[in-house]
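So the structure is just underneath, and the comments pick up after that.
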Amino acid sequence: MSTEPLIRFRGLRKAFGANVVLEDFNMDIADGERIALIGPSGSGKTTVLRLLMGLDTFDGGEIEVGGVPLSRPSEQAKLARRQIGMVFQHFNLFPHMTVMANVTEAPRRVLGLSNAEAQARATGLLRMVGLEAKLNALPRQLSGGQQQRVAIARALAMRPRIMLFDEVTSALDPELVGEVLRVVRQLARESGMTMLIVTHEMSFARDVSDRVVFMERGRVAEQGPPDMIFRNPSNERTRAFLQAILER
Amino acid sequence: MTASVVDLLPNLLRGATVTVEVTVAAGALALALSLPVALARMSPAWPLRVIGTTYVEVLRGTSALVQLFYLFFILPLLGIRLDPLPTAIAGLGLNFSAYASEIVRGAIAGIDRGQWEAAHALHLSRAATLARIVLPQAVAVMLPSFASLMIQLLKSTALVSLITLSDLTFSGQALITTTGRPFAVWGLVLVIYYVLSLPLAWASNRLEARATAYRARPAGAI
Ligand SMILES: Nc1ncnc2c1ncn2[C@@H]1O[C@H](COP(=O)(O)OP(=O)(O)OP(=O)(O)O)[C@@H](O)[C@H]1O
Ligand SMILES: [Mg+2]
Numbered sequence: 202m203s204t205e206p207l208i209r210f211r212g213l214r215k216a217f218g219a220n221v222v223l224e225d226f227n228m229d230i231a232d233g234e235r236i237a238l239i240g241p242s243g244s245g246k247t248t249v250l251r252l253l254m255g256l257d258t259f260d261g262g263e264i265e266v267g268g269v270p271l272s273r274p275s276e277q278a279k280l281a282r283r284q285i286g287m288v289f290q291h292f293n294l295f296p297h298m299t300v301m302a303n304v305t306e307a308p309r310r311v312l313g314l315s316n317a318e319a320q321a322r323a324t325g326l327l328r329m330v331g332l333e334a335k336l337n338a339l340p341r342q343l344s345g346g347q348q349q350r351v352a353i354a355r356a357l358a359m360r361p362r363i364m365l366f367d368e369v370t371s372a373l374d375p376e377l378v379g380e381v382l383r384v385v386r387q388l389a390r391e392s393g394m395t396m397l398i399v400t401h402e403m404s405f406a407r408d409v410s411d412r413v414v415f416m417e418r419g420r421v422a423e424q425g426p427p428d429m430i431f432r433n434p435s436n437e438r439t440r441a442f443l444q445a446i447l448e449r
Numbered sequence: 709m710t711a712s713v714v715d716l717l718p719n720l721l722r723g724a725t726v727t728v729e730v731t732v733a734a735g736a737l738a739l740a741l742s743l744p745v746a747l748a749r750m751s752p753a754w755p756l757r758v759i760g761t762t763y764v765e766v767l768r769g770t771s772a773l774v775q776l777f778y779l780f781f782i783l784p785l786l787g788i789r790l791d792p793l794p795t796a797i798a799g800l801g802l803n804f805s806a807y808a809s810e811i812v813r814g815a816i817a818g819i820d821r822g823q824w825e826a827a828h829a830l831h832l833s834r835a836a837t838l839a840r841i842v843l844p845q846a847v848a849v850m851l852p853s854f855a856s857l858m859i860q861l862l863k864s865t866a867l868v869s870l871i872t873l874s875d876l877t878f879s880g881q882a883l884i885t886t887t888g889r890p891f892a893v894w895g896l897v898l899v900i901y902y903v904l905s906l907p908l909a910w911a912s913n914r915l916e917a918r919a920t921a922y923r924a925r926p927a928g929a930i
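So the sequences go chain by chain: A and B.
So the first sequence is residues 202 to 449, counted in the working numbering.
So the second sequence is residues 709 to 930, counted in the working numbering.
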């Protein structure tokens, strides 16, 4: 790669007590790249996203975003992180706020948008995810799929350059998975954002990403273009994992 | 002695007014202190945690009556003299702030960690997360417990009669000395305390019902 990567994980280490979850984890992500992160349960996929987002601290190594190291808290690190948005497995909408308030809260408080600006932005995004009719609904009045689409709009309202998706459909009833994946696919195609997508939906991983990264035991075990990983994995573990998933 | 129930009432109602004053003022003081104390106990800074924890442990671990005596009889020896009413309000307010802060702390701790994480992922500050996301949800959980704490406070105000404040209990005792009718007087005192607690009990039940309806919302695990 000729240009500097947008995100760089170098020798990242994370342990929970005696449980070493990431050990010498390395990965470079180019600006605009869409990565599907796959691997067995407990391999550390969520942990990678959480460390990048700053939801947990790491024990060693470094994460750089736009060349800024995140290991030590600094104003620069804070601004670098501000380019990142995240969508969670369980949506985590604010239950006491309407859909509109969920989406406008952070742009108003953090970016200093006026109420009108934030609402205009939110309306556009909610239309994009197909929920313009639900502006005044409370989260509990929505289906899981609708809630997750609100969560996506809420993250996008901060205009992130980097979006993290952690198994955003695994808490959904099967019939609701499609509507959420459609939104993520559209973002991958049209937004130009850098995306890091953890998923167990293999056909989705295949058509949403430029590169598939297979993790095992806290390391990158194999990576490459989707066609290569899914058609002809070189790593025995990858093969076994894909086999197991396809037979489910 | 021929005093009828009607003759007893004015004295008792004057006492009841003092009881209500102490309950309201001490309750307000306890609620006002509860949030800062709870936040100190949950602070990332350990000195604040130590101060908060010591405050709560000392006030909960020693008797409210002794605390009142302390304020009323010991402080004057140090040159600080307070009237019975402010002493009663300060003593019970401080004592109940320890319990109130535990209610606040429990309610905040009970809010799904995913709420903090979602707010963090949106780059909201800790203060904004607390004020806009966590506290509005926690308050719904706290209110019923606050209402029952206020009932306890109302009943505990009887203690202030022991530092010579003419509250409902004190008025009852005084009336017995003058009328010699303990049956009627204590009976009336009981009824008045009960009637005073009714609005709080009603609020507690209403708030409890609302809080549980709110918690029955789907989704948002982990
Ligand atoms: N807060 C925590 N405390 C202790 N251990 C944790 C914590 N979070 C994760 N772990 C452990 O870290 C390991 C990796 O977890 P992680 O959630 O990153 O895996 P994953 O690849 O996302 O798995 P899954 O596909 O099941 O979501 C697991 O062994 C898990 O038990
Ligand atoms: Mg995970």
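Backbone N, C-alpha and C define an ideal beta-carbon position, used for all residues, glycine too.
* Name the DSSP bridge partner or partners of residue 397 (chain A)? -> Taking the first sequence and counting its residues from 1, the one referred to as residue 397 (chain A) is at position 196. Residue 397 (chain A) pairs with A:236 and A:365.
* Asked: Taking the Cβ atom as the reference point for each residue, do residue 359 (chain A) and residue 312 (chain A) lie within a distance shorter than 8 Å?
  -> Numbered from its first residue, the first sequence carries residue 359 (chain A) at position 158. Numbered from its first residue, the first sequence carries residue 312 (chain A) at position 111. Result yes, Cβ atoms of residue 359 (chain A) and residue 312 (chain A) sit closer than 8 Å.
* Cβ-heavy atom distance, residue 368 (chain A) to ligand 2, below 7 Å -> By one-based count along the first sequence, residue 368 (chain A) stands at place 167. At least one heavy atom of ligand 2 is nearer than 7 Å to the Cβ of residue 368 (chain A), so yes.
* To do: Sort out for me which residues DSSP pairs residue 220 (chain A) with in a bridge.
  => Position 19 of the first sequence, counted from the start, is the residue given in the question as residue 220 (chain A). Note: residue 220 (chain A) sits in a beta bridge opposite A:217.
* Reducing DSSP to helix, strand and coil, say where residue 428 (chain A) ends up. => Mapped onto the first sequence, residue 428 (chain A) falls at position 227. Reduced to three states, the DSSP call for residue 428 (chain A) is helix.
* Asked: Taking the DSSP output, what are the residues bridged to residue 270 (chain A)?
  -> Indexing the first sequence from 1 puts residue 270 (chain A) at position 69. Its beta-bridge partners are A:265.
* Taking residue 293 (chain A) as the query, report the chain B residues whose CB atoms sit under 7 Å from its CB, ordered along the chain. => Residue mapping note: residue 293 (chain A) aligns to position 92 of the first sequence, counting from 1. Correct list: 822, 823, 825, 826 and 928.
* Mind checking the segment 835-852 of chain B against chain A and listing, in chain order, the residues whose C-beta falls within less than 7 Å of any C-beta there? => 836, 840, 841, 844 and 845
* **Residue closest to residue 240 (chain A), alpha-carbon to alpha-carbon, out of A:432, A:423 and A:380** => Counted from its first residue, the first sequence places residue 240 (chain A) at position 39. Checked all of A:432, A:423 and A:380; the closest Cα to residue 240 (chain A) is A:423.
* Report the rounded CA-to-CA distance for residue 804 (chain B) versus residue 714 (chain B), giving the unit in angstroms. => What you label residue 804 (chain B) is simply residue 96 of the second sequence in a count that begins at 1. What you label residue 714 (chain B) is simply residue 6 of the second sequence in a count that begins at 1. If I take the Cα positions, the gap works out to 35 Å.
* Asked: Roughly how many angstroms separate the alpha carbons of residue 812 (chain B) and residue 847 (chain B), rounded to a whole number?
  -> For this step, residue 812 (chain B) is matched to residue 104 along the second sequence. For this step, residue 847 (chain B) is matched to residue 139 along the second sequence. The alpha-carbon atoms of residue 812 (chain B) and residue 847 (chain B) are separated by roughly 8 Å.
* By how many angstroms is the C-alpha of residue 431 (chain A) removed from the C-alpha of residue 361 (chain A)? -> Taking the first sequence and counting its residues from 1, one reaches residue 361 (chain A) at position 160. Taking the first sequence and counting its residues from 1, one reaches residue 431 (chain A) at position 230. Cα to Cα, residue 361 (chain A) sits roughly 30 Å from residue 431 (chain A).
* **For residue 777 (chain B), the first and last residue of its enclosing beta strand (DSSP E)** => Taking the first residue of the second sequence as 1, we reach residue 777 (chain B) at position 69. Counting along the chain, residue 777 (chain B) falls outside any beta strand (DSSP E), though it belongs to the alpha helix (DSSP H) covering 772-777.
* Do residue 409 (chain A) and residue 237 (chain A) come within 8 Å of each other at the CB atom, strictly closer than that value? -> For this step, residue 237 (chain A) is matched to residue 36 along the first sequence. For this step, residue 409 (chain A) is matched to residue 208 along the first sequence. Yes, Cβ-Cβ distance for residue 237 (chain A) and residue 409 (chain A) is below 8 Å.
* Asked: What is the residue span of the beta strand (DSSP E) that residue 412 (chain A) lies within?
  -> One-based indexing of the first sequence puts residue 412 (chain A) at position 211. Start and end: 412-417.
* **Under 9 Å (Cβ pairs) to chain A, residues found in the segment 867-892 of chain B** => none
* Going by Cα to Cα distance, which pick from B:896, B:852 and B:899 is closest to residue 911 (chain B)? -> Within the second sequence, residue 911 (chain B) is the residue found at index 203, counting from 1. Answer by Cα proximity: B:852.
* To do: Using beta-carbon positions only, say whether residue 779 (chain B) and residue 795 (chain B) come within less than 8 Å of one another.
  => Start at 1 with the first residue of the second sequence, and residue 779 (chain B) comes out as number 71. Start at 1 with the first residue of the second sequence, and residue 795 (chain B) comes out as number 87. Yes, they are a contact pair.
* What's the gap between the Cα of residue 737 (chain B) and the Cα of residue 895 (chain B)? -> The sequence position of residue 737 (chain B) within the second sequence is 29, counting from 1. The sequence position of residue 895 (chain B) within the second sequence is 187, counting from 1. Between residue 737 (chain B) and residue 895 (chain B), the C-alpha separation is close to 31 Å.
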